[in-house]
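Taking it in order: structure first as structure tokens, then the write-up.
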Amino acid sequence: MASSVGRRSIPLAIVVVVSLVAPGPARAQGFGVFKKNVMLARSLPPVIDLSGTRVGVNVTGVPGRPQTVTQLLRAKLIPLIFSNGTLVESQASPDRVVEVTITDLRSTTRIDPADRSTVVTANIQAAYRTINNQTKRTLDAKNVDFEYEQRFAAAQQQTQTATTKGSDGGFLGKLNKLSNSLGSGAASTEQPPTAEKLTMMMVDAIAVQIAQRIVLMKETIEVPLPRGKLDKASDLAVNGRWGAMLEQLEQTSPLPAADDAYRIYGIGVANEALAYLERDAAKQRDLVANASLNYKNALQVRRDEKTFQKAEARIAQSLNALTVVAAQQSQSRAPAVQPAGGARSAGGEGGGKATRWNNAAVVELAKGGFKDSELVEMIATAPTPEFEVSTPADLLELRRAGLSDVVIRVMRIRMQSVRKDR
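Sequential numbering of the sequence shown, starting at 54, is according to our numbering.
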């Protein structure tokens, strides 16, 4: 389920709803044929702040393709963007314009000769940007896409499953349920979607991704839990005992590498859930950063595990959300000052002790062992930032110096806020 909510909502929050399917026989380490899931809910702040402005929405498609989908997408975007009352819809004289171009939408249906199951795949891609309608300057832009793949068992092979009542979590819950089954080898007992239903599902997914960049959104995510030898630890998560789950998985002796990836993934899930429960901003960032590292480590071992890929992408979005919030909050706490001949070096220039908040200072702090979450807080609250992040050369220099994407991003956001206040 996805909905736009008031701007005062906390950046990340959690609501745990258990989605259980009937237990199956023990198998090789993984997620099992019969899945055990939990539902996590989070509120994500927008990438750009358009509150109080008049906004227009334009959706187009590639010439020669059916235009019905563009009308569907616009009809989905309008309520998502304007329902919380922070933006004013105006097609005639907008201050900002949301532009979306659907660049691809395709689907295939095939019969797998091995088990006669029906395999449905689909993909939608779109180019999004928000522009200042007066200057035509791009304020935010991203290429978004959504992939769908689901295997539907042949009628004679369908088995009965039981799902806990009221645990579908609305549209995004169903969407994640479908997405999380990728690569599981398990076939759904439902019927393949009609062409109209599949198109609507793909359009819904893209609409949510775009709206999340513009307004504060609340979404529900279905997260699979590892099974097999890790079933007991996952049962702790089902009961909401995230701290106990984390402790048990951390104390469990490492499994063979391919299996241990699922233990590390479980640690990431526990850290992520604890982060969404945490109310202290610094602790929340640390937990999210830990979960990000866990998912990356699991993915290094099992690069083909799509559930790991989705988890890494999801936690990166949460980490970016916290980065945006920290940068936005800093605008009201710290004065913006014109940089006085800021140093360009991302290395050791500056001579003597670092007293200026420039690139060199951040690099030195990172080399000194400060975590990304700590660096984000420092950058967001720096009283007189002089970061050089306006050219590709600046960004490459920072990357070569060892700074992470998150740290570089918050440096750019901070300097954007400084330029706006000049």
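For each residue, glycine too, the CB sits at the ideal point set by N, CA and C.
For residue i, the three-state DSSP class (helix, strand or coil)
i: Q144; result: coil
i: R107; result: strand
i: K420; result: helix
i: K89; result: strand
i: M464; result: helix
i: D333; result: coil
i: A198; result: Reading off the sequence shown, one finds Asp at residue 198, where the question assumed Ala. Three-state DSSP puts D198 in a strand.
i: F17; result: Since the first residue shown for the chain is 54 and the last is 475, residue 17 is missing from the structure and cannot be characterised.
i: V442; result: coil
i: S96; result: strand
i: G114; result: strand
Nearest-angstrom Cα separation, counted from residue j out to residue i
i: K478; j: V151; result: Residue 478 is absent from the model: the chain starts at 54 and stops at 475.
i: E202; j: P309; result: 29 Å
i: F440; j: N412; result: 5 Å
i: I461; j: T113; result: 33 Å
i: A264; j: Y315; result: 32 Å
i: S143; j: G109; result: 5 Å
i: T121; j: T252; result: 10 Å
i: K285; j: I320; result: 13 Å
i: A175; j: N347; result: 30 Å
i: S426; j: V100; result: 18 Å
i: G281; j: A419; result: 39 Å
i: K492; j: Y329; result: No statement about residue 492 is possible, as the shown extent of the chain runs from 54 to 475 and does not include it.
i: A180; j: A194; result: 8 Å
i: V141; j: D148; result: 10 Å
i: L299; j: P279; result: 13 Å
i: D312; j: L449; result: 37 Å
i: T123; j: I155; result: 7 Å
i: E243; j: A364; result: 25 Å
i: T183; j: N292; result: 42 Å
i: V74; j: G296; result: Legend: pLDDT at V74 = 46, less than 50; position of this residue unreliable, no value from coordinates given.
Beta carbon of residue i nearer than 7 Å to that of residue j
i: M255; j: I134; result: no
i: R332; j: L375; result: no
i: A260; j: K349; result: no
i: V442; j: M468; result: yes
i: N324; j: N343; result: yes
i: L276; j: V341; result: The displayed chain sequence assigns Val, not Leu, to residue 276. The answer is no: Cβ separation not under 7 Å.
i: K89; j: S287; result: yes
i: L97; j: M270; result: yes
i: F205; j: T171; result: yes
i: A207; j: R163; result: no
i: A369; j: V416; result: no
i: P445; j: W410; result: no
i: V268; j: N185; result: no
i: I317; j: L93; result: no
Limits of the unbroken alpha helix (DSSP H) element including residue i
i: E450; result: P445 to R453
i: D102; result: D102 -> no alpha helix (DSSP H), and no H or E assigned at all.
i: A433; result: D425 to T434
**Q.** Secondary structure, alpha helix (DSSP H): runs of 4+ residues fully inside the stretch 246 to 313
**A.** Listed in chain order, the complete alpha helix (DSSP H) runs (minimum 4 residues) inside the stretch 246 to 313 are 248 to 265, 284 to 291 and 295 to 304.
Q: Just list the beta strand (DSSP E) runs in the stretch 134 to 195, keeping only unbroken ones of 3 residues or longer that don't cross its boundaries, in chain order.
A: 149 to 164 and 171 to 185
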